[in-house]
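Asker: Questions regarding the structure given below will be posed in turn.
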Amino acid sequence: MTALTNRPTVAAAPAYARPSFFRHTAYLTLRQLRAVVRIPAFIVMNVVQPLIWLLLFGQLFTSVVDIPGFTGGDNYLEFLTPGIVMMMALFGSAWAGTSYIQDMDRGVMDRFLTSPTSRGAMMAATLVYQALLTLVQSLIVLGVAWLGGARFDGGLGGILILLLAAMLLTASFSALSNAAALLARNQNVLIGISQLITIPLMFLSSALMDTSLSADWVAEVARFNPFEWAVVAGREALGASPDWASVWGHLGLLAVFTAVLAWVATRAFRVYQRSA
Amino acid sequence: MAASPDGMALVAADLVKTYSQGRGKPPLRALDGLTFQTEEGTVFGLLGPNGAGKSTTVKILSTLSRADSGIATVAGIDVAKHPGRARSAIGFVDQKQVSDPMDTGVENLVLAGQLHGMSTRAARSRAGELLERFALAGAARRQVKTYSGGMARKLDVAIGLMHRPQVLFLDEPTTGLDPEARAEMWAEIERMSREERMTVLLTTHYLEEADRLASRLAIVDAGRVVTEGTPEQLKSELRGDAVVIELHEASVIAQVLESLDRLGGFREVVAEGRAVRARVDGGGAALPLVLAALDAEGVSVASATVSRPSLDDVYLAHTGHSFAAVHAGSSADARTDLEEAAA
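Going down the list, the protein sequences come from chains S and X.
Numbering-wise, the first sequence is residues 1 to 276 according to the UniProt record's numbering.
Numbering-wise, the second sequence is residues 1 to 343 according to the UniProt record's numbering.
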């Protein structure tokens, strides 16, 4: 024992610089990207269903544009495409919390939480990763729509804005899904979210149908639906003469919504730890 | 980073932690005034059955959870007041696998280093060193999901060592390993504590593991430390070693009993057939004296053995129930479930 007590103090840990939020976000995003690159089928699987909707709905409802009062242009596939992109983003992001659940089931989550890893970066990395998945999948959907005959007057600028709206929508609902994962620690809750929240949000919007043709209350409710904000911003931007005030207004709302949810979800780490 | 003034690498003082058990039930007291401290550079063992509060203690000391009351410090840092500083000083190896099965071994290590602020280059070189040392270099570029249980566990420990922590938490490092992998892990932990000169807090429910690895240990039962000391101290607190002397002939028994009585210090002396059993303090030293005395009297001894009390005896003496019984008991299972649910 004397040998131990007389020994000079333990060698000090090397004084590494305190890493920034951005570096941690990059490292953790790369970790998730490595996993998806190893199983690229995952991206394809998530895009199959939206493509089926796109082609089936596109064929099923071709005459919708002929209904008197339809204000969404004269090609239903062109009207539908931004709606399908956003549906894909919404449905995909509802499952974002799955990666947290997996990390909790293993000791990965607790290891990160007992290290100097930034909580904000743990949240941001999954949002960035999900948004990047949405980006790739949206490009596939747009490509298939183009092959199906859809033409977008908004051009490259319009497409970039659509992609931005889809990525913001993804980030916001991924944050919600992550928060649910941290609070409930249970995959079943994510199933609940995808069933109880995403389906109503999808139908209370103009994703599939011009809301000026639906019941008045639907159009009214849709105005407060973040999913609708993304659909409107994307569809406007793809059009020939976008209402830029509407595009930027809805993008702004979406950005604020995303920031608030990301902040709330990051706070959920505290609740997770309090009951650890 | 400075150590605490009294040179203690880890201090747990009067920790209390309760978990809600749901409606209408009283909260469960997982820790009930748990107290211990650990000197720098030692392996300290927390020994106890599942549900005794070992993991809860590790979670509080590693900043994962917070105590309801009491003080916990790591390398002199109060974990409740400065969790960020404490996290830089510790390595954490959970009961569960802490590596990402989708990443390779080297990717897991480098990421852990990067998250601790190491440059990518420094992290790569440290990862290479650890993979070499844990005999994982051949599997470095394979995904962890292809590793055996023993390999994955060694990688977990390597991940905990990446940033050269001052204190390493090893929560049941060998649970679920086969005997061969367990022996290998023990050798690694022994080497590591020697070479890295760091403090290790080891929790285990294997008596053998605590006996072999820990230089000091605390026996935990129902959220409290029931006794603490070196394994030798704890065992010598018992009423001595068991001495068994076997004779060639039963006729000399009376002579032997007389000799023991003259030498003094023998208790619970029992004659069974041609054998005499007794308990004595410091059996190793007492035995040669007995043999010399019997030899002088011309008594021929067939065999003589001394057995040290086991930690199981210590556990039994301090908790009133045997270790194995607690493990099998249903009350322990209920507590285990709760601790797992909380985990």
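For glycine and all other residues, C-beta sits at the position ideal for the given N, C-alpha and C.
Which two residues bound the contiguous alpha helix (DSSP H) that contains residue 133 of chain S?
Answerer: On the first sequence, position 133 is the one that residue 133 of chain S refers to. That run of the alpha helix (DSSP H) goes 119-147.
Asker: Between which residues of its own chain and residue 61 of chain S is the CB-CB distance below 7 Å, once the five residues before and five after are set aside?
Answerer: In the first sequence, counting from the first residue as 1, residue 61 of chain S sits at position 61. These residues qualify, in order along the chain: 76.
Asker: Quick one: Cα of residue 298 of chain X to Cα of residue 258 of chain X, how far?
Answerer: If you number the second sequence from 1, residue 298 of chain X lands on position 298. If you number the second sequence from 1, residue 258 of chain X lands on position 258. Cα to Cα, residue 298 of chain X sits roughly 14 Å from residue 258 of chain X.
Asker: Does the stretch 222-232 of chain X come close enough to the stretch 71-83 of chain X to have 3 or more Cβ pairs within less than 8 Å?
Answerer: These segments do not touch.
Asker: Are the CB atoms of residue 179 of chain S and residue 41 of chain S nearer to each other than 8 Å?
Answerer: On the first sequence, residue 179 of chain S is found 179 positions in, with the first residue counted as 1. On the first sequence, residue 41 of chain S is found 41 positions in, with the first residue counted as 1. Cβ atoms of residue 179 of chain S and residue 41 of chain S: not closer than 8 Å.
Asker: Applying the 10 Å Cβ sphere with the 16-neighbour rule, what's the burial state of residue 74 of chain X?
Answerer: Counting from one through the second sequence, the residue named residue 74 of chain X turns up at place 74. Answer is buried; the Cβ neighbour count reaches 16.
Asker: For residue 155 of chain X, collect the residues of the same chain with a Cβ closer than 8 Å to its Cβ; drop the 5 residues on either side in sequence, then sort them by chain order.
Answerer: For the purposes of this step, residue 155 of chain X is identified with residue 155 of the second sequence, where counting begins at 1. 99, 105, 108, 109, 134, 136, 144, 147, listed in sequence order.
Asker: So is residue 92 of chain X buried or exposed if we call it buried at 16+ other beta carbons inside 10 Å?
Answerer: By 1-based counting over the second sequence, the position of residue 92 of chain X is 92. With 16 or more Cβ atoms within 10 Å of its Cβ, residue 92 of chain X is classed as buried.
Asker: With H, G and I counted as helix, E and B as strand and the rest as coil, what does DSSP make of residue 17 of chain X?
Answerer: Sequence index remark: in the second sequence, residue 17 of chain X carries index 17 (1-based). Residue 17 of chain X falls in the strand class under three-state DSSP.
Asker: List, in order along the chain, the chain X residues whose C-beta lies closer than 9 Å to that of residue 110 of chain S?
Answerer: In the first sequence, the residue the question calls residue 110 of chain S occupies position 110. The contacting residues are 59, 62, 64, 92, 94, 96, 98, 343.
Asker: If you reduce the DSSP assignment to three classes, tell me which class residue 39 of chain S lands in.
Answerer: Position 39 of the first sequence, counted from the first residue, corresponds to residue 39 of chain S. Three-state DSSP puts residue 39 of chain S in coil, outside helix and strand.
Asker: Can you pull the chain S neighbours of residue 107 of chain X, defined as C-beta to C-beta under 8 Å?
Answerer: To locate residue 107 of chain X, count along the second sequence from 1; it is residue 107. Chain S residues near residue 107 of chain X: 31, 34.
Asker: Would you identify the three-state DSSP class for residue 143 of chain X, choosing helix, strand or coil?
Answerer: On the second sequence, residue 143 of chain X is found 143 positions in, with the first residue counted as 1. Three-state result, residue 143 of chain X: strand.
Asker: With distance defined between alpha-carbon atoms, name the residue in S:171, S:56, S:109, S:140 nearest to residue 130 of chain S.
Answerer: Position 130 of the first sequence, counting from 1, holds the residue named residue 130 of chain S. The option with the nearest alpha carbon to residue 130 of chain S is S:171.
Asker: On a CA-only basis, which of X:260, X:275, X:261 is nearest residue 249 of chain X? Give me that one, please.
Answerer: Within the second sequence, residue 249 of chain X is the residue found at index 249, counting from 1. It is X:275.
Asker: Mind listing which residues of the stretch 116-147 of chain S have their C-beta closer than 8 Å to chain X's C-betas, in chain order?
Answerer: Flagged, chain order: 116, 117.
Asker: List the endpoints of the continuous beta strand (DSSP E) containing residue 387 of chain X.
Answerer: Nothing can be reported for residue 387 of chain X, as the shown portion of chain X is limited to 1 through 343.
Asker: Using the three-state DSSP reduction, which class does residue 74 of chain S fall into: helix, strand or coil?
Answerer: Here residue 74 of chain S corresponds to residue number 74 of the first sequence, with the count starting at 1. DSSP places residue 74 of chain S in coil when its eight states are reduced to three.
Asker: Excluding the 5 residues preceding and the 5 following residue 24 of chain S in the sequence, name in chain order all residues of the same chain whose CB lies nearer than 7 Å to its CB.
Answerer: For the purposes of this step, residue 24 of chain S is taken as residue 24 along the first sequence, with counting starting at 1. Closer than 7 Å at the Cβ level, and outside the excluded window around residue 24 of chain S, lie 117, 118, 121.
Asker: Over what stretch of residues does the alpha helix (DSSP H) that includes residue 195 of chain S continue unbroken?
Answerer: Taking the first sequence and counting its residues from 1, one reaches residue 195 of chain S at position 195. Counting along the chain, residue 195 of chain S falls outside any alpha helix (DSSP H), and DSSP gives it neither H nor E.
Asker: Starting from the beta carbon of residue 27 of chain S, find every residue of chain X whose beta carbon is closer than 7 Å, and list them in chain order.
Answerer: Within the first sequence, the letter at position 27 stands for residue 27 of chain S. Within 7 Å Cβ-Cβ: 111, 114, 115.
Asker: Quick one, which residues of the stretch 73-92 of chain X are near chain S if we go by CB-CB under 7 Å, in chain order?
Answerer: Result list: 84, 87, 88, 89, 90, 92.
Asker: With 16 other CB atoms within 10 Å as the buried threshold, where does residue 115 of chain S fall?
Answerer: The residue given as residue 115 of chain S occupies position 115 in the first sequence. With 16 or more other Cβ atoms within 10 Å, it is buried.
Asker: Count the CB pairs spanning the stretch 175-191 of chain X and the stretch 52-66 of chain X that are closer than 8 Å, and state whether there are at least three.
Answerer: With a cut-off of 8 Å, the stretch 52-66 of chain X and the stretch 175-191 of chain X do not count as touching, because too few Cβ pairs lie within range.
Asker: Alpha carbon to alpha carbon, how far is residue 190 of chain S from residue 98 of chain S?
Answerer: Here residue 190 of chain S refers to the residue found at position 190 of the first sequence. Here residue 98 of chain S refers to the residue found at position 98 of the first sequence. So the alpha carbons of these two residues sit roughly 8 Å apart.
Asker: So with CB distances below 8 Å, who are the chain S contacts of residue 102 of chain X?
Answerer: Working through the second sequence from its first residue, we reach residue 102 of chain X at position 102. Going along chain S in sequence order, the residues near residue 102 of chain X (Cβ under 8 Å) are 34, 35, 38.
Asker: Note the first and the last residue of the continuous beta strand (DSSP E) segment covering residue 285 of chain X.
Answerer: Within the second sequence, numbered from 1, the residue matching residue 285 of chain X stands at position 285. From DSSP, residue 285 of chain X is part of no beta strand (DSSP E) but of the alpha helix (DSSP H) over 283-296.
Asker: Consult DSSP for residue 95 of chain X and reduce its assignment to one of helix, strand or coil.
Answerer: Sequence index remark: in the second sequence, residue 95 of chain X carries index 95 (1-based). Coil.
Asker: Is the separation between the beta-carbon of residue 319 of chain X and that of residue 225 of chain X shorter than 8 Å?
Answerer: The sequence position of residue 319 of chain X within the second sequence is 319, counting from 1. The sequence position of residue 225 of chain X within the second sequence is 225, counting from 1. Not closer than 8 Å, so no.
Asker: Rounded to whole angstroms, what is the Cα-Cα separation between residue 246 of chain S and residue 231 of chain S?
Answerer: Sequence index remark: in the first sequence, residue 246 of chain S carries index 246 (1-based). Sequence index remark: in the first sequence, residue 231 of chain S carries index 231 (1-based). Rounded to the nearest angstrom, the two C-alpha atoms are 11 Å apart.
Asker: For a cutoff of 8 Å on Cβ pairs, would you count residue 24 of chain S as touching chain X?
Answerer: Position 24 of the first sequence holds residue 24 of chain S. So yes, residue 24 of chain S belongs to the interface.
Asker: What does the alpha-carbon distance come out to for the pair residue 19 of chain X and residue 25 of chain X?
Answerer: Mapped onto the second sequence, residue 19 of chain X falls at position 19. Mapped onto the second sequence, residue 25 of chain X falls at position 25. Roughly 11 Å between the two C-alpha positions.
Asker: For residue 229 of chain S, does the count of other Cβ atoms within 10 angstroms reach 16, so buried, or fall short, so exposed?
Answerer: Here the question's residue 229 of chain S lines up with position 229 in the first sequence. It counts as buried.
Asker: Put residue 90 of chain X into one of helix, strand or coil per three-state DSSP.
Answerer: Against the second sequence, residue 90 of chain X aligns to sequence position 90. The answer is strand: DSSP assigns residue 90 of chain X an E or B state.
Asker: Among residues of its own chain, excluding the 5 on either side of residue 44 of chain X, which ones have a beta-carbon nearer than 8 Å to its beta-carbon?
Answerer: Here residue 44 of chain X refers to the residue found at position 44 when the second sequence is read from its first residue. Hits under 8 Å: 10, 36, 38, 199, 200, 201, 202, 214, 215, 216, 217, 218.
Asker: For residue 86 of chain S and residue 207 of chain S, which I take to be in contact (beta-carbon distance under 8 Å), what is that distance rounded to the nearest angstrom?
Answerer: Working through the first sequence from its first residue, we reach residue 86 of chain S at position 86. Working through the first sequence from its first residue, we reach residue 207 of chain S at position 207. Indeed they touch by this definition, with Cβ atoms about 6 Å apart.
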